[in-house]
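Numbering (the numbering used here), first residue to last: 271 to 601.
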C-alpha cells in the first residue's frame, strides 16, 4: 500500500489571508488624515492668535464703538437726507463691533455649544434668535416708555438694569439645567450598561445605552429658549441710544431699522463664534470617538457639570453686581 507524503503548510501561506486595502481606500484615508491635520493646525493657530491678540481686539472694538456712536449722533443732527444710508451702515458696523466686546451672551452660547451635542444649524439659530430678541426688546422698551408712558431716559435705564438682573436669573437656571441633564445622561447610561452585557458587535436587536440626542430631545428646546431669553432680555445699549437720538430728531423709523441692522451685525459675529465652537468640539470628538471606556462617558459629563457650575456663578454675578443699564450717565 502506497502512502502519500503529507507536506506541511508553509508559514508564509496562511489559510485565511486578509485582503490588503484597495488603493483608492488607502488614498482616501491618507487624504482624510491630512485634511484633519490641516484643520487641527488652523484651529491651533486661531486659538493662539486670539489668546495674544484678544486684548488689542477688545480695546480697539470699544474705541471704535465709541467713535461709531459719536458719528451716529452727528449724522442724526446733520439733517442731510443722504445721511440716512450712512446711519444704517454705521449701525450694522456697530453691531459687529459691539458683539466683539465684553458681554455674557458670547460666554453663554460658547459654553453651551462646547459642552452639548448641538448641530451647527441649531447654534446659528440660537445666535440669530438671540440677536432678534435683543432688537425687539430694545424697540419695545423705547417705544413703550416714549410714546405710551412718556417717561425719561433715567426711568428707562432703571428698567434695563432690572432686565439685566432677570437675564442673570435665566443664566443661572440654564446652568442648573445643564447639570441636571448631565447627571440624567450618566445615570441612564450606567443603568443601560448594567442591564446586561454584550459584545461590541452584538445582534440582540436593541440598544445598550441611550445617546445624547435621545436623552435631550425634550430638554433641548427648553435650553434653547433659556439661552435666547437670557441673552435677548438684556437689550443692546447701542440700539437704545440710537432709538433715543432718532426720537429726538423725529427719525424714529430710521432708529428702528438701525436697531435691527445692529442685530444682524451682532448675529454675524456670534454665529462665527458658534461655528468655531461647534467645529472645535466635533474635531475633538472625531479623535476620541473610538474610546469605549467609562472615561468616555464620565469625562463629558464632568465637563458639562463644570460648564453648568460656571454658568450658575456667572448668573449670580449678573444678579449681585449692580448694572448701569445703558450708561452710568442715565443712572
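By construction, the Cβ of each residue, glycine as well, lies at the ideal position given by its N, Cα and C atoms.
Since the structure is predicted, the reported quantities are computational estimates derived from the model, not experimental observations.
query                                                                                                               : result
Start and end residues, alpha helix (DSSP H) containing residue 380                                                 : 374-385
Rounded separation between residue 383 and residue 544 - CA only                                                    : 7 Å
Alpha carbon of residue 414 to alpha carbon of residue 420, nearest angstrom                                        : 8 Å
Under the three-state DSSP convention, the category residue 506 falls into                                          : coil
Minimum Cβ-Cβ distance from residue 441 to chain C less than 8 Å                                                    : The question asks about chain C, but that chain is absent: this structure has only one protein chain.
Member of 369, 308 and 348 whose CA lies at the smallest distance from the CA of residue 329                        : 369
Alpha carbon of residue 522 to alpha carbon of residue 405, nearest angstrom                                        : 14 Å
Assigned exposure category for residue 355 - 16 Cβ within 10 Å defines buried                                       : exposed
Backbone secondary structure at residue 351 - three-state DSSP                                                      : coil
For residue 447, the three-state DSSP class (helix, strand or coil)                                                 : helix
Residue burial classification, residue 342 (beta-carbon count within 10 angstroms, cutoff 16)                       : buried
Residue environment, residue 570, which counts as buried when at least 16 other CB atoms sit within 10 Å            : buried
Burial state of residue 504, where buried means 16 or more other Cβ atoms lie within 10 Å                           : buried
Outcome for residue 376 when other beta-carbon atoms lying within 10 angstroms are tallied against a minimum of 16  : buried
Pair within 8 Å by beta-carbon distance, residue 578 and residue 452                                                : yes
Coarse secondary structure for residue 584, derived from DSSP in three states                                       : helix
Spatially closest choice to residue 444 from 314, 426, 386 and 423, by CA coordinates                               : 386
The stretch 532-544 in contact with the stretch 573-587 per 3-pair CB rule at 8 Å                                   : no
Three-state secondary structure (DSSP) of residue 420                                                               : coil
Residue 554 classed as buried or exposed, judged by whether at least 16 other C-beta atoms fall within 10 angstroms : exposed
Residue 523 - DSSP class collapsed to helix/strand/coil                                                             : helix
Cβ contact check for the stretch 501-515 and the stretch 389-403: 3 or more pairs under 8 Å                         : yes
Helix, strand or coil at residue 514 according to DSSP, with G and I counted as helix                               : helix
As assigned by DSSP and simplified to three states, the class of residue 428                                        : helix
Close beta carbons around residue 582, own chain, < 6 Å, minus the five adjacent residues each side                 : 442 and 445
Residue 591: first and last residue of the uninterrupted alpha helix (DSSP H) it sits in                            : First-last for residue 591: undefined, no H or E at that position.
Per-residue DSSP class, three states only, for residue 539                                                          : helix
The stretch 528-535 / the stretch 509-519 touching (three or more Cβ pairs under 8 Å)                               : yes
Heavy atom of the ligand NAP within 7 Å of residue 353 beta-carbon                                                  : In the structure on display, the ligand NAP does not appear, and there are no ligands present to speak of.
Among 546, 435 and 362, the one whose alpha carbon lies nearest that of residue 393                                 : 546
Burial state of residue 437 (16 or more Cβ within 10 Å)                                                             : buried
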